[in-house]
Structures are given as C-alpha cells and as structure tokens.
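Report on one structure; see the data block that follows.
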Ligand SMILES: Nc1nc2c(ncn2[C@@H]2O[C@H](COP(=O)(O)OP(=O)(O)OP(=O)(O)O)[C@@H](O)[C@H]2O)c(=O)[nH]1
Ligand SMILES: [Mg+2]
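Numbering (my numbering), first residue to last: 432 to 1046.
Encoded structure:
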C-alpha cells in the first residue's frame, strides 16, 4: 500500500452514501464516473475500468464481492461512497454497510427493473430509515423503460411499508457507463452534475458532533503485513487522533484499551496517513490486534459502544475436509487440519455473514449465504496453496416451536418464451411455486417463483442447457418457512474409475459414448474417482487407464481414427453443483476432481443397497 503523507482530512462538510442494487445494475461503473467527474484522478493518472473491483477474483468475474469505500470532493463537500456487491450471496456485506451511511443510491437497470436483490437491499435500507435516491441506470439500453421502472420501485417501497417521506424519493435517470445523469428524461445528456447536486441536496449531513466522546464502528477489515489488522470505520461522534489511547469495545462487551498506531484517510484510489479525523468521517485505524467487524472504538473515560450489527443468518452450509484422496498432498502446500482451521478462522474474522464449526476429525462445516460465497472462499484458498475436499451444499434447517423450517428464495427467471413450459415443469418438481408470469416483449417472458433453497441446488447448469444459454436466473433470500418435503435431484449417475493410474486416450474413446467425460488423456485418476457423467441414472464402474490390446492383425490407420470429444471443464462451481451427498469435490491449486466419498467400490455398493431400502 502506498501511503502519501497528508496533514489532515480538511473538508468538514461531509455526505456518506452507499451504492446498492441488484447484481450488474452498474454500481461500480457509476463509482468510476463519480471519481472521474469530481476530478479525483490527476490528468494523467491511468485508471482501470471498475477500479473499485480491486481483487483478482472480482476482476476476473466482473463482479463485486467485498464492499469498498472511497471518497470524492465536490464543490467543497467530501462525499464518502461505499460500493457494495449486488450478488445475493454477498448480501451480508450490504447489510452492514447500510448502517454506516446516511443515504443510499439505489440503482435499478432501466430495462430489467426490480430484481430479487433490489427487493432485498430496499427492504434493509427502508428498515434502517433511509430515504433512497433512485438512480434508473442504463437508460441508453434499447429496451429501457424508465417510467415503468420508477413505478415498479414505488410499488416496491409501498409494499415494504415505506413511510410518506420515503415514498417521495428523488429520481435520477442515468447511463453510468456513458457518464451522464438527468433530472428528467428529456434533459440534455451531459455529465453527472445532476446526480452530484442531488447528493448534496438530499443526503442528510452526518448527525453527532466532534465535541462528544468518541464513538466509531468498524464495518470492514483490512490487513497489512507491516501494520497488521486494520479496521475501516465510520466515526459517529467525537474525534480520533493518531497516537491517542482509546477503548476498543467488542461485540460481546469485552473492553480493551489501545493506542491508535496509524490513522488512514481515503480519497479516490489513494490512502494516506492523517493526524486526526472527526464525526462523519470514514477512516482506517490500526493498533488493535483483536479488532473485528462490528466493534466500537470509544472514549476511554466514558465508553458508549454502538449497537452490535445484526446480520441475516446463514442459509447454506458446505463441509470442508482434509483431502484424503490417493493424490492428496501432491499438488498443494497446505493440507493439514490445523492449516485449514487457521485459514477458516481468519476468514470468519473478516466476514460476519459466515461462520464455521468443526464437526469431526479434519472436518469443518462452513455456513454462509450461498454457493457462490463459499465457492469464492474455496477459490481463494486454492490460490493460496490449500488442498481440501468439499461436500454437497446443504441448506440450514432450523427448528422454530417444534416446526422444521428451511430457507426459501425469491427466484426470477427471464427466458425466451418457448422455454417457459419446460422451466415451469422442472421447477415444479423442485417444489417451486410460481407467483408471476409477465411477457417482457421481444420474445421473452419473466417468471417469478418462491422456491425452497434446497430446490435450487444444482439447477443452474441444467437451466442454461434448457434455455440454450439464453435464460437468466436470479434469486435472493426470502425467509425461513416450514420444510417442504423431498425435492428432485440429479438424474444421471456417475462414471467411476475402478483403477488408479493415467488415463489413456483409447479407453476414453471407448467410454465416451456412455456419457460426458470429465477427464482427458494423461490425467491422473484413482479408484473411486468420478471421471464423467453417466447417460443413465445408475453409477457405473469403468476403467479409463486401459491401453489398446495389441493384436496380431494390424488394422491400418485405426489409431488415427479415434476422435475424443472435448471433456467438460469442471470448474469449482460446476463440480459443486453436480455432486450428490455421496460425492466430494477434491480441490487443489492445480486440479478440481470429483470423487466418491467412499472410494472402495465394494463398500460403496453395500451402503448404496442399504440406503435404497431405508428411503
Ligand atoms: N448499457 C449500459 N451498460 C452499463 C451501464 N452502466 C454499467 N453498465 C455495464 O453493466 C455491467 C455491470 O457493471 P458493474 O458496474 O460491474 O455492475 P455492478 O452493479 O457493480 O455489479 P456487481 O457489483 O457485481 O453487483 C458492465 O458490463 C458495465 O459496463 C450503462 O449505463 N449502460
Ligand atoms: Mg460492482
């Protein structure tokens, strides 16, 4: 990190906003433009597109995972902006950020309109008393219908119990990517001035006062090899100075005195040392080894901590366990229970929407909001050199007054009309209840469902095939409801290797008619490893390592004749979607393999028989 020396954050007229929306509605792009048009970058500074998406996985996938803050100065006012993720799995990030700001920019795509995560973020924002500024974004899209979207948002606010004041939300029309915003659709498409003006006018100034005792709350964490753990926080009252001794109050009430060893301010993409910050500022603080999200820093003499944060509880869990496959330890650096435990603990320190517990020797249950959230953790771990196995995602069932409850999701699907029938039928088998069906024009239909989260596991790949890649599905947590009985799962069996060794082109060639292959020649396999999807519903033991028998009669040119179908590329997500309870995904820095939990074919057959009869 590059710390430029600055004396102090000089601007004292502050506005704090968060940008919230459904995934891909253009939050990070808008923040780029706000940075550019406030003159935050110097003339020759080279800045990447979507500069706030700073970590590798965010860049690769083009999505925001962690919320991040920045600041711009506009007409003498410091505007602190927090960019949040739109994917439902990272909803916990949004929840905790909402408390740190005095207003939100609610972005809604002018064509897509209100989507599941729009509902989620609106609900949370209204509950906290925010009066959002609606930014109808992407009005440049040919299919955009800004007026319809404003109506949809109004209805949504109304349904969610917005008060009179909240229902009179200000509206801005924008094309973030093209860098303009307007008060009215017929205005000139020039720049973001109308949005900046609206922010200055509508966002309440921070409450509290520099004269009160210090009250600051941490909403996200950072780590630096030289200065250690850093809490990024909003100051709600008082001031904080470099070198000052303050009281750290943990969420459980524990109090620890400590000295501020570093105070950091933000502007644009820069961070720099500051000596002092006051009420309304967003700063980073170092010097507290045990600092966590939700903790407060307070005045030593009269510590008044802020309310700990409430975050919606996890809905899904995935088991992480030590890799015990025959290839264990050959590709990764960190493989032991202790290492995995340490890494998971470190993760949960910074991510309050997730937690984990040890459930057996070398086995941990990681609880989170969704498959993607947990996948990103696994993906980060493999890049750091970890090796481990993960099991099939399971939803978290809880008991309320003796009733088994499970998470339900709100699901929205946009599909070409001709596939609606298939989708409705398939989701019906997964206990989905259709609540709405709207023709969207240009041959598309929008289908809305309420579905147990369980029914959604493993749906995506099949959905993409069914809609020839043209369908879009989005879902977001609704609530816990009574358990809805068995849902349908995978239709196909697995092709399981019965030998260990290297795969041979010839044997793959002879097997490929039986299903879809996950392996290619020279890949290492072991007995019990899944090498493909069987075209039928049962599992089949096969040998992918067998070379062609040498025969006396030379069949001319026969070897050249073998043509291998390219294998299905198993990404972590595809593998995780695919597996059943009796299977695991083996994750290493180099490979993603699918395997049977029980590698021994005889044991497997015996247990399979038993479970069949007990069902
Ligand atoms: N046509 C059009 N596309 C836009 C506009 N604004 C953003 N986009 C595009 O929409 C896509 C998503 O933009 P992002 O800024 O990453 O969206 P986001 O809301 O930050 O996404 P998440 O953080 O993952 O939820 C990108 O391909 C942008 O180029 C716009 O005004 N018009
Ligand atoms: Mg983003």
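We put the beta carbon where it would ideally sit given N, CA and C, even for glycine.
Rounded C-beta distance between residue i and residue j? I'm assuming under 8 Å.
| i | j | result |
| --- | --- | --- |
| residue 727 | residue 647 | 6 Å |
| residue 553 | residue 448 | Contact doesn't hold; Cβ gap of about 15 Å is too wide. |
| residue 658 | residue 693 | 5 Å |
| residue 1003 | residue 1023 | 6 Å |
| residue 428 | residue 625 | The structure shown does not extend to residue 428, since the chain is modelled only from 432 to 1046, so the question has no answer here. |
| residue 846 | residue 876 | 6 Å |
| residue 836 | residue 913 | 6 Å |
| residue 795 | residue 808 | About 11 Å separates the two Cβ atoms, so there is no contact after all. |
| residue 812 | residue 798 | That belief does not hold up - the Cβ atoms of residue 812 and residue 798 are roughly 16 Å apart, past 8 Å. |
From residue i to residue j, what does the alpha carbon distance come to, in whole angstroms?
| i | j | result |
| --- | --- | --- |
| residue 718 | residue 856 | 57 Å |
| residue 545 | residue 814 | 36 Å |
| residue 525 | residue 743 | 11 Å |
| residue 645 | residue 547 | 38 Å |
| residue 1037 | residue 1029 | 11 Å |
| residue 1027 | residue 670 | 58 Å |
| residue 933 | residue 513 | 50 Å |
| residue 831 | residue 463 | 45 Å |
| residue 434 | residue 881 | Residue confidence for residue 434 is low, a pLDDT of 37 falling below 50, so the modelled location carries little weight and cannot support an answer. |
| residue 874 | residue 493 | 28 Å |
| residue 684 | residue 909 | 31 Å |
| residue 562 | residue 805 | 32 Å |
| residue 499 | residue 515 | 7 Å |
| residue 781 | residue 915 | 34 Å |
| residue 412 | residue 632 | The structure shown does not extend to residue 412, since the chain spans only 432 to 1046, so no value can be given for it. |
| residue 821 | residue 613 | 49 Å |
| residue 869 | residue 848 | 10 Å |
Excluding the 5 residues flanking residue i on each side, which residues of the same chain have their C-beta closer than 7 Å to its C-beta?
| i | result |
| --- | --- |
| residue 734 | 678, 680, 686 |
| residue 1021 | 762 |
| residue 998 | 948, 949, 950, 951 |
| residue 768 | 753, 793 |
| residue 1035 | 1027, 1029 |
| residue 968 | 922, 923, 924 |
| residue 757 | 931, 957 |
| residue 489 | 495, 496 |
| residue 465 | 503, 512, 623 |
Measure from the alpha carbon of residue i to the alpha carbon of each residue in the options, then state which is nearest.
| i | options | result |
| --- | --- | --- |
| residue 443 | 510, 458, 476 | 510 |
| residue 709 | 1023, 979, 493, 637 | 637 |
| residue 898 | 852, 921, 935, 943 | 852 |
| residue 802 | 597, 812, 978, 1005 | 1005 |
| residue 689 | 996, 573, 672 | 672 |
| residue 745 | 838, 809, 655 | 838 |
| residue 642 | 659, 627, 760, 668 | 668 |
| residue 818 | 865, 833, 825, 770 | 770 |
| residue 751 | 946, 473, 810, 572 | 810 |
| residue 615 | 1018, 601, 609 | 601 |
| residue 606 | 570, 629, 630, 969 | 570 |
| residue 535 | 542, 549, 519 | 549 |
| residue 682 | 737, 695, 674, 665 | 737 |
| residue 469 | 957, 630, 863 | 630 |
| residue 896 | 1040, 854, 859, 931 | 854 |
| residue 654 | 777, 703, 741, 707 | 777 |
| residue 850 | 900, 864, 936 | 900 |
| residue 938 | 911, 905, 890, 980 | 980 |
| residue 905 | 456, 445, 609, 940 | 456 |
Got a sec? Which residues, its chain only, sit under 6 Å from residue i by beta carbon, not counting five neighbours each side?
| i | result |
| --- | --- |
| residue 730 | 644, 645 |
| residue 888 | 824 |
Compare the beta carbon distance of residue i and residue j with 9 Å and say whether it is the shorter of the two.
| i | j | result |
| --- | --- | --- |
| residue 716 | residue 783 | no |
| residue 567 | residue 556 | no |
| residue 800 | residue 650 | no |
| residue 878 | residue 844 | yes |
| residue 583 | residue 823 | no |
| residue 698 | residue 471 | yes |
| residue 502 | residue 705 | no |
| residue 754 | residue 927 | no |
| residue 378 | residue 565 | Any answer about residue 378 is impossible in this case: the structure gives the chain only from 432 up to 1046. |
| residue 883 | residue 834 | no |
| residue 611 | residue 594 | no |
| residue 961 | residue 929 | no |
| residue 696 | residue 703 | yes |
Can you find the residues in the same chain that come closer than 8 Å, C-beta to C-beta, to residue i, ignoring five residues on each side of it along the sequence?
| i | result |
| --- | --- |
| residue 1033 | none |
| residue 559 | 529, 530 |
| residue 965 | 923, 924, 925, 926, 945, 946, 971 |
| residue 766 | 753, 754, 759, 760, 817, 818, 819 |
| residue 903 | 844, 845, 846 |
| residue 1025 | 925, 949, 960, 961, 1001, 1006, 1009, 1010, 1014, 1015, 1016, 1017 |
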